[in-house]
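Asker: In my numbering, the protein residues as written are 139 to 472.
Glycine is no exception: its CB is placed at the ideal position from the N, C-alpha and C atoms.
This structure is a prediction, so every number in the text was calculated from the model and none was measured.
Supplied in C-alpha cells, the structure appears directly below.
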Amino acid sequence: MSGASKSALVTGITGQDGGHIAELLHEQGYEVFGLIRGQSNPRKAAVEADLPFVKLIEGDLTDPAALVHAVDTSDPDEVYNLGAISHVGYSFKNPSLTAEVTGKGVLNLLEAVRLTGRAEKTKFYQASTSEMFGGLDYNRPGSGYNEDSLFHPRSPYGVAKLYGHWIAKNYRESYGMFVACGILFNHEGERRGIEFVTRKITDAVARIHLGLQDKIELGDLWPKRDWGYAGDYVRGMWQMLQHPEPDDFVLATGETHSIEDFLTEAFAAVGIDDWHPYVVQNPAFMRPAEVDILLGDPAKAEQTLGWHRDVDFAGLVKRMIDHDIALQRKNLPA
Ligand code: NAP
C-alpha cells in the first residue's frame, strides 16, 4: 500500500524509532513532519543531515498549544507518538518529568488531534511498552506476555506509559478515534541512544576492539529481555495503522536473553571468548526495582497484520557491533 499524498506527524523524531519510521514513511511517499523540542536541540543538525526530507516543527509534548500548532501545520493522516522520556533509569531520577511527558503528553497530543476537528481523519499510533508488564505476575511462563496479560509496571517510566496506554484506548472508545497501541518489547539497532545498555555495550566493545578503551561499567547482568531490531518494529507500527480496525498489538521476538548473553554475543563478534576481564559491575547503574524477565508473544500481530521480524538476536548484535566499529574507525587519526 502506498502512502502517496498522505501526511504523517512523528513525535520523537530525534530518537531511534523516529529515524526508522521517518525513513519508512518517506519511502512510502508520505510527507513527513517531525516534532522537535527545545530552543537549540543538540540533535537537530543530525536529524537534518540524516533525514533531510523531514519538515521539523518546534514543540514539546508538555505544551498543548504547541501541539495544536503542530497538528494544524502538518494536517496529518497519521500521527506516530514516539516522543517520551524513555530511559527506565532516568525515569527513577526524574519521575515527575516522566509523568508529564511520557504520560500526560499522550493526552495533550490526543486532545490536539480531537480539538482541531481531526478525530475522524487522523489515525494515531501510541508507543506503549513491555515495561508496563513489569516481569512480575509472570502469568504465561514459556509463551510470553500477550495483549491480555496483566500489567504491573516497575518504574516511573512503566507507570507513565500505562497512563498513556489507557488514555489512548479511552480516546478510541470514547470518541471513536482510530488509535492503535503497539506494546513493543525492547528493540535496538544502529540508532539506539548510547544511554541504553545494548548500545553502551556495542560502543564499548568496538572501542575495546580498536584499543581505545579497557573496561565497561554496567549494572545488573542477569535481567532478561526480548530484543528485536528497530527496523522490523517500526514496520509493525505502520502496519497497525493500515489495519482496517484500530487495536492493540504486541511486537516481540518470542525469545529472551540476559545482558550476559548480549555481552557474550558482542565480544564473540570481535573474537573475544571471555568477556569477564573487561566488565566491571557498578552499583550506580543498578535500579531501585528491576524487571527480571520480559518475553513477548507476537502471535496476534503475526496472524492479524502479517507482521514478522527479519533480524534475529545474533544478527542484531552483529549489526550494532559492525556499525560501531565503522563509526569509531572514522574518528581515528589517519
Ligand atoms: P528514544 O530514542 O529515547 O527517543 C525519545 C524521543 O522522545 C526523542 O526524540 C526525544 O527528543 C523525545 N522527547 C523527549 N522528551 C520530549 C518532550 N518533552 N517533548 C517532545 N519530545 C520529547 O526512544 P525510542 O527508542 O526511539 O522509542 C520510541 C518510543 O517507543 C518511546 O516512546 C519509547 O518509550 C517507546 N518504546 C521503545 C522501546 C525500545 O526498546 N526502543 C520499547 C517499547 C517502547 P530529544 O532528542 O529532544 O530528547
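1. If you compare alpha carbons, which of PRO233, ALA250, ARG337 and ASN420 is closest to MET315?
2. With a threshold of 7 Å, establish whether the CB of HIS207 neighbours any heavy atom of the ligand NAP.
3. Cα separation between GLY172 and TYR218?
4. Taking C-alpha atoms, which residue in LEU379, ILE397 and GLY273 lies nearest to ILE339?
5. Under 8 Å between the Cβ atoms of PHE323 and LEU432?
6. What residues are listed by DSSP as bridge partners for PHE171?
7. Starting from ASN232, trace the alpha helix (DSSP H) in both directions and tell me its first and last residue.
8. With C-beta atoms as the reference, is VAL170 less than 8 Å away from VAL192?
9. Pull up the DSSP beta-bridge partners for ASN219, would you.
10. Distance check for ILE354 and LYS299, CA to CA, integer angstroms please.
11. In terms of residue numbering, what span does the beta strand (DSSP E) encompassing VAL388 cover?
12. Under 7 Å: does the beta carbon of ALA203 sit that close to some heavy atom of the ligand NAP?
13. Is the beta carbon of ALA427 closer than 8 Å to that of ILE459?
14. Verify the contact flag: HIS325, CB atom, against every heavy atom of the ligand NAP, threshold strictly below 7 Å.
15. Any heavy atom of the ligand NAP within a distance shorter than 7 Å of the CB on ARG373?
16. Locate the alpha helix (DSSP H) running through GLU403, then write down its first and last residues.
17. Using CA atoms only, rank isn't needed, just tell me which of LEU253, GLU196 and SER287 is closest to THR152.
18. Under 7 Å from any heavy atom of the ligand NAP, does the C-beta of GLY409 make it?
19. Keeping to the same chain, check which residues put their C-beta closer than 7 Å to that of MET139; ignore five residues upstream and five downstream.
20. Can you give the Cα-Cα distance for GLU285 and TRP304, rounded to whole angstroms?
21. Going straight from the alpha carbon of SER143 to that of GLY150, what length do you get?
22. Within this structure, are the beta carbons of GLY366 and THR391 separated by less than 8 Å?
23. Taking only heavy atoms of the ligand NAP into account, decide whether any of them is closer than 7 Å to the Cβ of SER224.
24. Which of the three DSSP states is assigned to GLU311 in this structure?
25. Quick one: measure Cβ to Cβ for MET375 and TYR263, integer angstroms, because I've assumed they're closer than 8 Å.
26. Considering only their Cβ atoms, is the gap separating LEU247 from LEU205 smaller than 8 Å?
27. Can you tell me whether SER281 is buried or exposed, with buried defined as 16 or more other CB within 10 angstroms of its CB?
Answerer: For this structure:
1. ALA250
2. no
3. 10 Å
4. ILE397
5. yes
6. LEU147 and LYS193
7. Taken as a continuous stretch (DSSP letters only), ASN232 belongs to no alpha helix (DSSP H), as it is neither H nor E.
8. yes
9. THR149 and GLN264
10. 30 Å
11. 386 to 389
12. no
13. no
14. yes
15. no
16. 397 to 406
17. GLU196
18. no
19. Note on MET139: pLDDT 45, under 50, position unreliable in the model; the coordinate value appears next. Same-chain partners within the cutoff: GLN380.
20. 13 Å
21. 22 Å
22. yes
23. yes
24. helix
25. 5 Å
26. yes
27. exposed
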